[in-house]
Structures are given as structure tokens and as C-alpha cells.
Ligand code: ASP
Ligand code: MG
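In the working numbering, the protein residues as written are 1348 to 1805.
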């Protein structure tokens, strides 16, 4: 069995879905479990519908609901043009899903209050719609495909908008449900992103969570590979939207991929790697617009060479500097500080400490007012806004001779606010002013990747 996950751009419209079905059709001998995202931009649209309902903006809400319905009805009609019976049934199903959504959204609008539970129900409709339409379209092309409701098998804890997977439940449910659905079929399809609690309460895995769904399913069915189909040729040495002359990476390790995802590369959801590692399942990042490309293979560490693989970055972060003379020679201080972060559910990226100071970075979107005021009760706290975080990532780079010199040599002019050398040997990170970021990452990338013969000396 293999898992094939298709992201929003791979199922965006008629052409994309036609290509995607062709790709799936070529792999039926490997028993694909197809996992799909919502059509591109649909999850954003559902967020906007929720916001319009919560703020009782009736005209905007109705207009957006109309757009959502029209896009899906038109798509189903186009894809099933040649099969009138399937077309009628698919359009009816799409309308039924949209009707359910409409009544819920109108009810939310009537009270002007949106619970996280209702939000999770609303947001999930993108995946229900896409998987339904694609399932019909696959059948119309002669691929006998069964549809599975992911909420029967993807079990999470109770946080509605960012449910944490309960692995034991997923492992015990997925194989049986998939086997059963496969009977007499060529393929099965399910939704990424959406899940439920053990009591059947609706949850979702958080933005971009379909990759994570795919790897959890892959782990549960012991897939021989997990394919993440997207709209780029694989993982590159840096984000090509920001950096020139990036190179494509044929293979990277699980650990490198995890660090890249955590430290700003936007190719994979950061938690995707973990379930695959547990069963040692290779992940392939592939391009549905260029299916014959090799993509990037994410493999176990032993199969990957040492050396720099990526310059990743986070564009907008804050540095929280915490000072206290009480920290000197006391124990338990760090625990107290990080408990405050944890209780406020603020996620920390980099940490650097000295005797009387702790500096941590957080994403600019984190709400830190509560943390700052609690810390201020026993420390001096200074928050630096408008910073950016740059990470050089690669297997064993921390052990390579001259790597620190090589990393910092190109940064002649700019201020470096904080440096953190990952204990994992895979990562050297530092913080610069946000306005310097473009220049820093370009210079650093040029320096590290444009002299391959020099790199070989390490
Ligand atoms: N549709 C969801 C999102 O846009 C999940 C995903 O695509 O991975 O966040
Ligand atoms: Mg994605």
C-alpha cells in the first residue's frame, strides 16, 4: 500500500484534478490510499465565511457561500460531463454538503457567536467537498474508488482547531477501515486535515495538516511510501521566492526535513516526518504539474551524506529577552520561565541562555502579552520586534570544521542578536533585523552553495 496526498494546488480545478487522477491511475498496482486537501484557497474562504458569520455580515457571508457552492458545483459538472448519472448524483451530494454548511453558518450568524467546535465543522467542508468530487471523478474514469470519512479513523484529543493525534486509536482503526473499504475496489480516498475525538467530536489538525494526516495514515497501514504531491519539483536549498540560484535536493534525511519544516521551509507540515520515522517509511515530495520529475526523497539518516542542505528562515519573529539576577546560582528558574510559556500556549523556537539572561524567539503571530506581564513580575523583559530568524541546516554541520566561520563570514555588516547551535548537530540558527533578511539569506546561500569544491573540504 502507498499513501498519495494531493495538496490544494494539485486539486485546484478541472485540469489539476484530471492530471491528479492520471497520476493515481498509474499506481493502482501499489494500492493507493489517496488523501486530499480542499481545493486551493477553499480553506481560506471557509475561514472568511466563519468570520463573516461571527461578525454578522450577512451580505458578505451569503456572497461567499454562493461562491463556494458555485465553484464546486461547476467543477463537479465539468469533471463528470461524460457521465450524466454520476454527474447528477455528485452535484446533488455537493449541494447537500453546501446546504448543511449554509444552515450552520446562518445559525452562527443569527447569534453572532462562533465556537471553536462550529468553526471546526465549517472548515472541514473544504475537504469533504474536494474528496467527494474527486471520488466521483475517479469512478467516472474507471478507477473503482471508495470514499472514507476521515473522522471515523483519525482520532485526536479535544482541541477543536488543532487536535493532537491519538496514535494508539489511529493505529487500531485505520488498517481495518481501509481494508474494508478496499474490498472490490481499485483505490480509496479520504480527507486530509479533518479528524474527530474518540467521542465523535469534530476536530481539525491545524493549518496545512493534510500532510500530517497522510503520514499518520501511512504509518497506520505500514505504507511502503508516502507521496506528498504539490506544485514544486521537490525540496530546494532555500525558498526560491526569496533566494536566487537555489538548488533542488534529490534526497534529505528525516531529521533534516523536520528541521527545515520547523525552521521556516514551507514544503511540509512540520509534524509530517515523525510518524514516517517511526516505521521508517520514505516520503517523496513530488510535483503534480511535472509528474515525471524525481522529486525529493526523505530517507533515513544513514542514506544521507553530511553537509549543508538548506538555508531556511522565518521572516517575522520576536525575540523575548528575559533578565534576572536571581537566575544566578539558582535552580528551577528556567522551569518557572518556561512554565509560563507553556501555560499560555506560546510556542518557543530558539533558546539561548547565559548566567543572568534567557533569550527566546517566537513567531510574530504568537500572542505574548500575558507571558510578558507574568514574567515581568520577577524579571526584566525586553521584546524586540521585527526580527527574522535564519537557520543553516544539514546533517552533522555542527561537527564540520569551519562551519561557524563559513556561516558568519558573509554577515559582515548586519547585527546578529542571538545565536543558537542545535544540539542535534543539524542546525545553526541566528537572528537578524527583518529588513536585512533578504540580503543575508542571499549572501549566505551564495556563500554556502556556490562553492561546492570548497564545501567538499570540510
Ligand atoms: N486545507 C487545509 C489548509 O488549507 C489543510 C491542508 O491543505 O493541508 O490548511
Ligand atoms: Mg500544504
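Backbone N, C-alpha and C fix where the C-beta goes; we use that ideal spot for every residue, glycine too.
query	result
Would you call residue 1645 buried or exposed, if buried means 16 or more other Cβ atoms sit within 10 Å of its Cβ?	buried
Less than 8 Å between the beta carbons of residue 1775 and residue 1657, yes or no?	no
Among the residues of its own chain, which have a CB less than 7 Å from the CB of residue 1567, if the five just before and after it don't count?	1517, 1518, 1521, 1522
Could you spell out where the beta strand (DSSP E) holding residue 1577 opens and where it closes?	1572-1577
With contact counted as at least three CB pairs below 8 Å, one residue from each stretch, are the region 1776-1786 and the region 1634-1654 in contact?	no
Please confirm whether any heavy atom of the ligand ASP lies closer than 7 Å to the CB of residue 1390.	yes
Have a look at the DSSP bridge pairing and note the partners of residue 1654.	1742
Mind checking if residue 1751 is an interface residue toward chain C, Cβ cutoff 8 Å exclusive?	No chain C appears in this structure, which consists of one protein chain only.
In its own chain, which residues sit with a C-beta less than 8 Å from the C-beta of residue 1544, not counting the 5 before and 5 after it?	1502, 1503, 1504, 1505, 1510, 1550
Please say whether residue 1428 and residue 1434 have beta carbons closer to each other than 8 Å?	yes
From the DSSP output, which residues share a beta bridge with residue 1644?	1598, 1631
Under 8 Å between the Cβ atoms of residue 1611 and residue 1660?	yes
Quick check: what's the CA-CA separation for residue 1710 versus residue 1695?	8 Å
In the DSSP assignment, what residue or residues form a beta bridge with residue 1360?	According to DSSP, residue 1360 bridges with nothing at all.
Does residue 1756 pass the burial test, meaning 16 or more other C-beta atoms within 10 Å, or should it be called exposed?	exposed
Take the Cβ of residue 1498 as the centre, count every other Cβ of all protein chains shown within 10 Å, and call the residue buried at 16 or more, exposed below.	buried
Look up residue 1731 in the DSSP assignment and give the residues it is bridged to.	1666
Any chance the region 1687-1705 sits against the region 1746-1762, with 3 or more Cβ pairs inside 8 Å?	no
Beta carbon of residue 1469, beta carbon of residue 1426: below 8 Å?	no
State yes or no: is the C-beta of residue 1765 within less than 8 Å of the C-beta of residue 1697?	yes
Give, in chain order, every unbroken run of the beta strand (DSSP E) that is at least 3 residues long and sits entirely within the region 1461-1501.	1492-1494
As a quick exercise: from 1724, 1707, 1745, 1748, pick the residue whose alpha carbon is nearest that of residue 1734.	1707
For the alpha helix (DSSP H) containing residue 1424, list its first residue and its last residue.	1405-1426
From residue 1507 to residue 1547, what does the alpha carbon distance come to, in whole angstroms?	11 Å
Please state the DSSP three-state secondary structure of residue 1376.	helix
According to the neighbour-count rule (16 or more other Cβ atoms, all chains shown, within 10 Å of its Cβ), is residue 1377 buried or exposed?	exposed
With H, G and I counted as helix, E and B as strand and the rest as coil, what does DSSP make of residue 1353?	strand
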